[in-house]
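**Q** I am attaching a structure below and will ask some questions about it afterwards.
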Amino acid sequence: MITRLTNLNVVLTAEADQAKSLIEKEDSLKTMKVKLEETQESLVKNQNDYQGQVDSLQSSISSLKDKISSNKQLLSEMQEKAAAEQKARDEALAKSVAEVKAKAEQEKAKTSSSSSSTQNSSSSSSQSSQASSDKGTDGANNGSSTTTSGGRTLNVEATAYALNGITATGIDLSKNPICIAVDPSVIPLNSLVEVPGYGIAIAGDTGGAIIGNIIDVHFPTNDQAIAWGRKNIQITVLS
Numbered sequence: 269m270i271t272r273l274t275n276l277n278v279v280l281t282a283e284a285d286q287a288k289s290l291i292e293k294e295d296s297l298k299t300m301k302v303k304l305e306e307t308q309e310s311l312v313k314n315q316n317d318y319q320g321q322v323d324s325l326q327s328s329i330s331s332l333k334d335k336i337s338s339n340k341q342l343l344s345e346m347q348e349k350a351a352a353e354q355k356a357r358d359e360a361l362a363k364s365v366a367e368v369k370a371k372a373e374q375e376k377a378k379t380s381s382s383s384s385s386t387q388n389s390s391s392s393s394s395q396s397s398q399a400s401s402d403k404g405t406d407g408a409n410n411g412s413s414t415t416t417s418g419g420r421t422l423n424v425e426a427t428a429y430a431l432n433g434i435t436a437t438g439i440d441l442s443k444n445p446i447c448i449a450v451d452p453s454v455i456p457l458n459s460l461v462e463v464p465g466y467g468i469a470i471a472g473d474t475g476g477a478i479i480g481n482i483i484d485v486h487f488p489t490n491d492q493a494i495a496w497g498r499k500n501i502q503i504t505v506l507s
């Protein structure tokens with residue numbers, strides 16, 4: 269009887285321990301389930317936050333692309349406008365130079381005709397007096413000099429240079445190379461100047477070393493500039 273009671277007690281104790289263990293496992297599983305649910309909720313929340321950040325980033329990228337495209341278009345329009353303005357200035361300058369050259373040629377033709385007429389008259393009058401002939405010839409030569417000048421003459425030191433770019437008055441030297449640098453207090457900017465051995469140029473640039481009766485004469489290449497060098501010449505600022 270005692271043995272049976274002992275065995276029963278052992279069985280009951282084992283079952284109680286097993287039941288306690290099962291209850292602890294159940295509690296542990298419940299805790300794990302709660303933690304798993306919390307983790308899952310956190311993952312869902314993080315995923316939503318991440319998706320929101322991705323959407324925001326994509327929106328920012330799209331906005332940035334629009335701004336870049338807009339800026340490129342604006343830059344292109346500004347470049348086209350600047351090119352058109354430069355082309356208009358170049359064409360106006362070329363037209364002005366051409367007109368002055370044509371006028372200078374006309375003045376030279378008139379001067380040549382006047383000189384020939386004066387010489388013929390002087391030759392006829394030489395039969396009456398050699399002195400009168402000399403005087404008439406001197407008068408004709410003086411008149412030729414005055415008429416040919418067509419403006420103000422200056423003795424200057426001219427130095428050649430070769431440098432492309434935009435001048436102080438906005439002239440593109442690669443397109444309009446016939447240009448001289450001057451002292452604006454002596455020769456006004458944008459004046460047309462006749463330079464012996466060079467042609468009719470526009471006073472379109474300045475320089476720190478160009479003071480008084482000093483000019484720089486622009487050439488497209490270094491070889492041309494070296495060939496010209498430095499000269500003391502008489503120029504004419506055309507009226």
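In our numbering, the protein residues as written are 269 to 507.
Where a beta carbon is used, it is the ideal one built from N, C-alpha and C, also for glycine.
Every value quoted in this text rests on a predicted model; they were computed, and no experiment measured them.
(1) Report the option in A360, E345 and I483 whose CA atom is closest to the CA atom of T427.
(2) Provide the residue span of the alpha helix (DSSP H) that contains A436, from first to last.
(3) Tell me whether the beta-carbon of A423 lies closer than 8 Å to the beta-carbon of N500.
(4) Looking at A449 and F487, is the spacing between their C-beta atoms short of 8 Å?
(5) For the beta strand (DSSP E) containing N490, name the first residue and the last one.
(6) By DSSP, does V461 sit in helix, in strand, or in coil?
(7) Q326 by DSSP, collapsed to three states: which one?
(8) My understanding is that T504 touches D473, with C-beta atoms under 8 Å, so please give their C-beta distance in whole angstroms.
(9) For V454, collect the residues of the same chain with a Cβ closer than 8 Å to its Cβ; drop the 5 residues on either side in sequence, then sort them by chain order.
(10) Which same chain residues end up closer than 7 Å to G438 when comparing Cβ atoms and leaving out the 5 residues on each side of it in sequence?
(11) Going by beta carbon distance, what residues of the same chain come within less than 6 Å of S459, once the five residues before and after it are set aside?
(12) Please look up how many angstroms separate the CB atoms of G467 and I446, rounded, as I've assumed it's under 8 Å.
(13) Going straight from the alpha carbon of E350 to that of G419, what length do you get?
(14) Please work out which residues of its chain come closer than 6 Å, Cβ to Cβ, to E425, disregarding the five sequence neighbours upstream and downstream, and give them in chain order.
(15) Run through the DSSP bridge pairs and tell me what G320 is partnered with.
(16) Express the C-alpha separation of K363 and Q354 in angstroms, rounding to a whole number.
(17) Looking at the C-beta of A282, does it have a partner C-beta in chain C at a distance below 8 Å?
**A** Considering the structure as presented:
(1) Along the sequence shown, read from residue 1 onward, the residue named residue 427 stands at position 159. The shortest C-alpha separation from T427 is found at I483.
(2) Counted from its first residue, the sequence shown places residue 436 at position 168. Counting along the chain, A436 falls outside any alpha helix (DSSP H), and DSSP gives it neither H nor E.
(3) Working through the sequence shown from its first residue, we reach residue 423 at position 155. Working through the sequence shown from its first residue, we reach residue 500 at position 232. One point to set straight first is that residue 423 is Asn, not Ala, in the sequence displayed. In contact: N423 and N500 (Cβ atoms closer than 8 Å).
(4) Working through the sequence shown from its first residue, we reach residue 487 at position 219. Working through the sequence shown from its first residue, we reach residue 449 at position 181. No. Outside cutoff.
(5) Start at 1 with the first residue of the sequence shown, and residue 490 comes out as number 222. Where N490 is concerned, there is no enclosing beta strand (DSSP E), although the alpha helix (DSSP H) it sits in stretches over N490 to W496.
(6) Here residue 461 corresponds to residue number 193 of the sequence shown, with the count starting at 1. Strand.
(7) For this step, residue 326 is matched to residue 58 along the sequence shown. Correct three-state label for Q326: helix.
(8) Walking along the sequence shown from the start, residue 504 turns up at place 236. Walking along the sequence shown from the start, residue 473 turns up at place 205. T504 to D473, Cβ: 19 Å. No contact.
(9) Here residue 454 refers to the residue found at position 186 of the sequence shown. Contacts found: L422, G480 and N481.
(10) Here the question's residue 438 lines up with position 170 in the sequence shown. Only R357 meet the Cβ criterion.
(11) The count along the sequence shown starts at 1 and reaches residue 459 at position 191. Only A471 and V505 meet the Cβ criterion.
(12) Against the sequence shown, residue 467 aligns to sequence position 199. Against the sequence shown, residue 446 aligns to sequence position 178. 6 Å between Cβ atoms; contact.
(13) Within the sequence shown, numbered from 1, the residue matching residue 350 stands at position 82. Within the sequence shown, numbered from 1, the residue matching residue 419 stands at position 151. Note that residue 350 is Ala in the sequence shown here, rather than Glu. The straight-line gap from Cα to Cα measures roughly 35 Å.
(14) Taking the first residue of the sequence shown as 1, we reach residue 425 at position 157. Cβ neighbours of E425 beyond the five flanking positions: I482 and N500.
(15) Numbered from its first residue, the sequence shown carries residue 320 at position 52. Bridge partners of G320: none, in fact.
(16) Counting from one through the sequence shown, the residue named residue 354 turns up at place 86. Counting from one through the sequence shown, the residue named residue 363 turns up at place 95. Near 14 Å, if we compare the C-alpha coordinates of K363 and Q354.
(17) In summary, chain C is missing from the structure at hand, where a single protein chain is found.
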